[in-house]
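Inspection log for the structure reproduced underneath, given as structure tokens.
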């Protein structure tokens, strides 16, 4: 049986381009004892993948040149030589940018999921890694109290949309920032945020900081950071004393040199806590997070939106679009 | 009875100068019921005072123009109309830059101290606010484990010297940075740090980061930040995953505009925690801290050095020297 893959062809010099990816076809080997063959239905595209394309110091080894791009997948078991899995099982894994993956059933890399009340694709978004990322940063780092104001960048995205809705569920004021009037309207009217700022309407820190002061009149107590750069600078100017900043991503700096933080002394004068995290290092909290997220999605209380690209070959372009904010909600690639 | 004071005459435009201070004489009023008259023996000079001279957003209201400069003092009660204090009692307080202060005995602003085993002046340094500052940032924010490496800037100063010695007492490698070969020799040979870098020998972040990599070959797990700017940038490049940064001061930025942090994304990629604090907001930890610090000083296990200026009139110049690192250890002004 033939497999198709997108591999990393070269590392980006600055902005990633289509030339950094190659489409290849390979023959799938026969399954060994204990192995499981998974056909991927959806591939998840996420900002962290851009950082993996660089050969720089980070929390994970860089993506190897010539290997399939790493990535979360949902799919079904089409052949199994492991007693824990049978044909037809729906599974979440890290199958990468390819149609099929062969997984050692004993390695704990596949998680069987129930699609009775939660759609399969949601296990890559609101009830998957992005949802748990939102939950961990909000619940374990920001630790919001009712009445506080929580701010999140990339508010219409897979992580940001969950941060705001989870904050609202905890009695907080939720304020977001997103790119464009459409996304902002969605964030407020459908996701239920109290306010959303269109970053395209603000070209400098001062203007953005003033808009934030209006959207968060009592200041910001918790900031869930996905972007860095000017957005973080503007947020810092609005942080209340004893505020908490969960550092989840800094997409503004993934393409090139360092993006400085303008006023680190605010961390001191406002006695802030800023903490970076990567959700895969906190697996002990996933069951609790997935339980809350799954229940909220199944009962319609946690809303999300998906941008779905069709076919594996569309993945590179969809990914580059994600980095530029062209997606609207969780970016997926449909493979089946 | 006549009092003498140094008051804030004007706010610095950039670097503070002698013109920002005025020397004034006033008449002391008679004591009211419940009041205590304290004669100050020593005045403490500390970097935080520089920030109070600015009219900017910070953790404390700015110092008022025309009012005596704020500051910690040790002295003795010379007259008391409060039953809890009697003439001759040695007390620590926030008497400010003046010879005498009149304090409401019931307000909890004076702390009686025992000078049997600890010299009076030490209650402004190793067994006072600077010592507790070191203790809180190290013990409660950095939370060092034996075998880890702890770094502190301004290592020969009142706070830094205590940070390193407390870290050594907890089985850590202690690395400091100080200005000049004399201070570095003192930090290593007398205070017992494992290494000390002379910042005067390094003019850019790259050079300093390389020196740090040599002094902390296993990387830095805990950073106690007193300086900010280039020192913090260089430290960030050497922080280990899951490192902790206690933000105590950023003296490099007190004179002017913002001093940026070059690579905030290291907070994310190394999953660091950075937390600002001000020790007066954590009074519940003072008894535990003072107990450890007092015992260590009384038994000769916590060493410190003092720079003592003579007479109230010398305070402004001694303070400006402190901001330039001309002091060696705790800067005091002797008033009696």
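Chains as they are written, first to last, in the numbering used here: chain A, 1 to 336; chain B, 1001 to 1336.
Heads up, the beta-carbon is just placed ideally off N, CA and C, and yes, glycines get one too.
Distance between residue 20 of chain A and residue 11 of chain A (C-alpha atoms, nearest Å) | 6 Å
Should residue 1121 of chain B go down as buried or exposed, given a rule of 16 or more other Cβ atoms within 10 Å for buried?
-> buried
Listed from N- to C-terminal order along the chain, which residues in the region 273-296 of chain A have their beta-carbon within a distance smaller than 9 Å of any beta-carbon of chain B?
-> 273, 274, 275, 276, 277, 278, 281
Starting from the Cα of residue 1077 of chain B, find the closest Cα among B/1203, B/1147, B/1087 and give me that residue.
-> B/1087
Environment of residue 273 of chain A [buried if 16+ CB atoms lie within 10 Å] = buried
Which runs of the alpha helix (DSSP H), 4 residues or longer, sit entirely within the region 1109-1189 of chain B?
-> 1129-1136, 1158-1169, 1181-1189
Going by beta carbon distance, what residues of the same chain come within less than 6 Å of residue 1123 of chain B, once the five residues before and after it are set aside?
-> 1074, 1092, 1113
Extent of the continuous beta strand (DSSP E) to which residue 1103 of chain B belongs = 1100-1104
Near-chain B residues of the region 248-263 of chain A - C-beta to any C-beta below 8 Å = Taking 8 Å as the Cβ-Cβ cut-off, the region 248-263 of chain A approaches chain B at 248, 249, 250, 253, 258, 259, 260, 261, 262, 263, given in chain order.
Backbone secondary structure at residue 313 of chain A - three-state DSSP = helix
Residue burial classification, residue 1276 of chain B (beta-carbon count within 10 angstroms, cutoff 16) = buried
Taking the CB atoms as reference points, tell me whether residue 1002 of chain B and residue 1032 of chain B lie closer together than 8 Å.
-> Going by C-beta atoms, residue 1002 of chain B is not nearer than 8 Å to residue 1032 of chain B.
Check each candidate in B/1119, B/1323, B/1249, B/1205 and name the one with the smallest Cα separation from residue 1262 of chain B.
-> B/1205
Taking only beta-carbon positions, decide if residue 1271 of chain B is within less than 8 Å of chain A.
-> It does; some Cβ of chain A falls within 8 Å.
DSSP beta-bridge partners for residue 1196 of chain B?
-> B/1176
Contacts around residue 117 of chain A, its chain only, beta-carbon distance under 7 Å, and the 5 residues preceding and following it disregarded | If we look at residue 117 of chain A and ignore the five residues flanking it on each side, its Cβ neighbours are 298.
Within the 8 Å Cβ cut-off, does residue 157 of chain A reach chain B?
-> Residue 157 of chain A does not count as touching chain B.
From the DSSP output, in three-state form, read off residue 202 of chain A for me.
-> Reduced to three states, the DSSP call for residue 202 of chain A is coil.
List, in order along the chain, the chain B residues whose C-beta lies closer than 7 Å to that of residue 2 of chain A?
-> In chain order: nothing, as chain B lies at least about 37 Å away.
Check whether the Cβ atoms of residue 339 of chain A and residue 70 of chain A lie closer than 8 Å to each other.
-> Here chain A comprises residues numbered 1 to 336, so residue 339 of chain A is not present and cannot be evaluated.
Quick one: measure Cβ to Cβ for residue 178 of chain A and residue 184 of chain A, integer angstroms, because I've assumed they're closer than 8 Å.
-> 5 Å
Enumerated in chain order, which unbroken segments of the beta strand (DSSP E) with a length of 3 residues or greater are wholly contained in the region 50-82 of chain A?
-> Those beta strand (DSSP E) runs which fall completely within the region 50-82 of chain A and span 3+ residues are 73-80.
Cβ of residue 1267 of chain B less than 8 Å from any chain A Cβ?
-> yes
Any beta-carbon of chain B closer than 8 Å to the one on residue 96 of chain A?
-> It does not; no Cβ of chain B falls within 8 Å.
Alpha carbon of residue 1240 of chain B to alpha carbon of residue 1253 of chain B, nearest angstrom | 25 Å
Under the three-state reduction of DSSP, which class applies to residue 10 of chain A: helix, strand or coil?
-> Correct three-state label for residue 10 of chain A: coil.
Collapsed DSSP secondary structure at residue 1279 of chain B in the structure displayed = helix
Are there 16 or more other CB atoms within 10 angstroms of the CB of residue 1218 of chain B, so buried, or fewer, so exposed?
-> exposed
Say whether the region 123-133 of chain A touches the region 156-175 of chain A, bearing in mind that this needs 3 or more beta-carbon pairs closer than 8 Å, one atom from each stretch.
-> yes
Residue burial classification, residue 133 of chain A (beta-carbon count within 10 angstroms, cutoff 16) | Counting Cβ neighbours within 10 Å, residue 133 of chain A comes out buried, since at least 16 surround it.
Ignoring anything shorter than 4 residues or poking outside the region 241-305 of chain A, list the alpha helix (DSSP H) runs there in chain order.
-> 265-269, 286-298
Step through the CB atoms of chain B and report whether any lies within less than 8 Å of the CB of residue 228 of chain A.
-> yes
Rounded distance between the beta-carbons of residue 225 of chain A and residue 338 of chain A, thought under 8 Å = Outside the shown range of chain A (1 to 336) lies residue 338 of chain A, about which nothing can therefore be said.
Could you pull out every residue in the same chain whose Cβ sits closer than 6 Å to the Cβ of residue 1336 of chain B, ignoring the five residues on either side in sequence?
-> 1041
Using the rule of at least 16 other Cβ atoms within 10 Å of the residue's Cβ for burial, across every protein chain shown, is residue 52 of chain A buried or exposed?
-> In summary, residue 52 of chain A is buried, with 16 or more beta-carbon neighbours lying within 10 Å of its beta-carbon over all protein chains present.
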